[in-house]
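Mapping the sequence shown onto the working numbering, position 44 (from 1) lands on 66, and the numbers just tick up by one. C-beta: ideal position from N, C-alpha, C; glycine also. Notes follow once the structure below has been shown.
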Amino acid sequence: MEIIYCCYGGSHTSITAAALHLGLLSRDRRPSVREILSLPHFDCLPAADLGRVFRYGRDAANNNIYIASLGPDRKATSSALRLFFVAAGLNEEHLLIVDALQCVTAPIRVGGFLSRRLGLICLGRPLCAYGIVMNFACFQSLWESVVAARKVGIDAPS
Numbered sequence: 023m024e025i026i027y028c029c030y031g032g033s034h035t036s037i038t039a040a041a042l043h044l045g046l047l048s049r050d051r052r053p054s055v056r057e058i059l060s061l062p063h064f065d066c067l068p069a070a071d072l073g074r075v076f077r078y079g080r081d082a083a084n085n086n087i088y089i090a091s092l093g094p095d096r097k098a099t100s101s102a103l104r105l106f107f108v109a110a111g112l113n114e115e116h117l118l119i120v121d122a123l124q125c126v127t128a129p130i131r132v133g134g135f136l137s138r139r140l141g142l143i144c145l146g147r148p149l150c151a152y153g154i155v156m157n158f159a160c161f162q163s164l165w166e167s168v169v170a171a172r173k174v175g176i177d178a179p180s
């Protein structure tokens, strides 16, 4: 199965959700800000890569885990992403697109804007990581819904 975690810029919530899925973050406790900041590719995707899909790893069940940035028109981009995988020969039943934006809070949004848009990394990156830590229960619920959806072969909640 191909599991794609998506968010606006592909730098924060999708990275966190994919890292949790792959076991890079503990599923049993809230991580520290330092743990979030040390995730591979956290807050590092350049604006020029908006809209691209990156393989983040492979989980214990041998599913490929991807990160995708959807930009401002996530519905159209998500549809295009699905069409691309189907055109590449993947059975749509083996594709799970997960919208990680549902876990965004004000600190994550403001931190991401400060860091990625304004280049104020020293302010934005830790604020974003703090927001993720404070809302980590949402990421845990998202991961649990992906595991449940994968078991029954349905789409993950958006």
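| message | Along the chain, where does the alpha helix (DSSP H) containing residue 101 start, and where does it finish? | response | Per DSSP, residue 101 belongs to the alpha helix (DSSP H) from 96-109.
| request: Would you tell me roughly how many angstroms separate the C-alpha atoms of residue 116 and residue 131, rounded to the nearest one? | output: Taking the straight line from one Cα to the other gives about 31 Å.
| field | Bounding residues of the beta strand (DSSP E) (the contiguous stretch that carries residue 90) | value | Where residue 90 is concerned, the enclosing beta strand (DSSP E) stretches over 86-91.
| message | On a Cα-Cα basis, can you pick out the residue from 128, 34, 79 that is closest to residue 67? | response | It is 34 whose Cα lies nearest to the Cα of residue 67.
| said: For residue 44 and residue 114, what's the separation of their Cα atoms in angstroms? | reply: One Cα belongs to residue 44, the other to residue 114, and the distance between them is close to 22 Å.
| task | Return the CA-CA distance between residue 97 and residue 71, expressed in angstroms with no decimal places. | result | Each residue's Cα considered, the two are about 18 Å apart.
| Pairing CB atoms from the stretch 86-95 with CB atoms from the stretch 46-55, are three or more of them under 8 Å? | Taking 8 Å as the limit for Cβ pairs, the verdict is that the stretch 46-55 does not touch the stretch 86-95.
| task | Would you mind stating whether residue 154 and residue 28 have Cβ atoms separated by less than 8 Å? | result | With respect to residue 28, residue 154 sits apart: the two C-beta atoms are not nearer than 8 Å.
| query | If you compare alpha carbons, which of 149, 135, 122 is closest to residue 165? | reply | Comparing Cα-Cα distances from residue 165 to each of 149, 135, 122, the minimum goes to 122.
| field | Cβ-Cβ distance between residue 135 and residue 38 below 8 Å | value | No, these two residues do not count as a Cβ contact at 8 Å.
| request: Rounded to whole angstroms, what's the CA-CA distance from residue 127 to residue 159? Just pull it up for me. | output: Roughly 12 Å separates the two Cα atoms.
| query | So, are the CB atoms of residue 125 and residue 65 less than 8 Å apart? | reply | Going by C-beta atoms, residue 125 is not nearer than 8 Å to residue 65.
| query | How big is the Cα-Cα spacing for residue 60 and residue 163? | reply | One alpha carbon belongs to residue 60, the other to residue 163, and they sit about 22 Å apart.
| query | At a Cβ threshold of 8 Å, is residue 131 touching chain C? | reply | The chain inventory of the structure shown lacks chain C, comprising one protein chain alone.
| field | Residue range of the alpha helix (DSSP H) that includes residue 47 | value | Element bounds for residue 47: n/a, residue is neither H nor E.
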